[in-house]
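With the sequence shown counted from 1, adding 32 to any position gets you the working numbering. A quick write-up on the structure given underneath.
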Amino acid sequence: MKRTVAYMVFLPLCVTFSAAQTPEDAFLKGNEHYRAGRFSDAAKEYVGVVHQGYVSAPLFFNLGNASYRSGNIGGAILWYERAARLDGGDPDIEFNLRLANSKIVDRIEPVPELFLLTWIRSLSTLTSLSTTGTLLMIAWILVFGQLAVINLLGSSSWNPVFRWGILAALVVAVAFGVVFGLQVNQVSDRSEAIIVTRSVTAKNSPDDQSVDAFVIHEGLKVRVSDSVGDWMRITLADGK
């Protein structure tokens, strides 16, 4: 299939913003366009902020909303998915993503996933990436803070209260470490992509003259397993 998809991965960039218009100004201007019903203009402002390297769930969520109201279902799903990767537990993001997905033409039954994998994946939606990182840092501060207190007070202070306190903080730190790792892996995953054109004809081989395999439409999520030049090998949710 030719490259008519958009990856859901994104990376924060270190950039220097010009004094002409800061990302905050562009974001607020996009909000003004949105409130006035100029959804395409709002989307352009938000995209400009993204191109400057700004990454946040509210920005991606607003961009998804502007795309949806502009009739760009593929773009809406792309940005809602990106917002969900940063803050998967947000109910507004989840609702709007489900709403946008209901507009997809293709109805593909996904291959059943193992319960353990589903459970592990659900852990990444408990908190946002930034919140998980903050809680992880606090947990480790508690661990090392208690160890520092024990070291200052001497061996006589090594009593059950401190032992259980350190153990509890360590368990919490490890748990948040696992969740944080899952979230970082999800954010940086380049194996999933969204169809952003009205329709795409998949081929049996990377050649315009090869036999058509199937047609898929805007907004569908696919898994990218390989690429050759301008062509990509994709897998649908049903394994095809």
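All residues carry an ideal CB built from backbone N, CA and C; glycine is no exception.
Distance from the CA atom of SER102 to the CA atom of ALA89, rounded to whole angstroms, is 20 Å. Taking a cut-off of 8 Å for Cβ pairs, the segment 211-218 and the segment 163-180 touch, as three or more such pairs fall below it. Of the candidates LEU252, VAL82, GLN215, the residue whose Cα lies closest to the Cα of THR163 is GLN215. PHE92 is positioned such that its CB atom lies closer than 9 Å to that of VAL82. Looking at the DSSP output, ARG255 shares a beta bridge with GLU224, THR267.
As a beta-bridge residue in DSSP terms, LYS235 pairs with ASP244. Check the Cα spacing between LEU174 and each of SER160, ARG195, ALA115: the tightest is with ARG195.
Partner residues in the beta bridge of HIS249, as assigned by DSSP, are SER231.
Within its own chain, the residues whose Cβ lies closer than 8 Å to the Cβ of GLY121, once the five positions on either side in sequence are excluded, are THR157, LEU158, THR159, SER160, listed in chain order. Each of ALA98, ASP57, GLN84, THR150 was checked against the Cα of GLY69, and the nearest Cα belongs to ALA98. Judged by their CB atoms, ILE109 and ILE136 are nearer to each other than the 9 Å cut-off. The Cβ-Cβ distance between VAL247 and LEU268 does not fall below 9 Å.
Taking C-beta atoms as the reference points, SER223 and SER259 fail to come closer than 9 Å. Excluding sequence positions up to five before and after PHE147, its CB lies less than 7 Å from no other CB in the same chain.
Shown here, VAL260 sits in a strand according to DSSP, grouped into three states. C-alpha of ILE227 to C-alpha of VAL219: approximately 18 Å in a straight line. Residues PRO55 of the same chain have their beta carbon placed closer than 6 Å to that of TYR86, with the five preceding and five following residues left out of the count. In this structure, ASP270 lies near PRO142, with their beta-carbon atoms less than 9 Å apart.
Counting along the chain, no alpha helix (DSSP H) covers GLN84, and no H or E run does either. One Cα belongs to ALA75, the other to GLU64, and the distance between them is close to 11 Å. Bounds of any alpha helix (DSSP H) do not take in VAL137, whose DSSP letter is neither H nor E.
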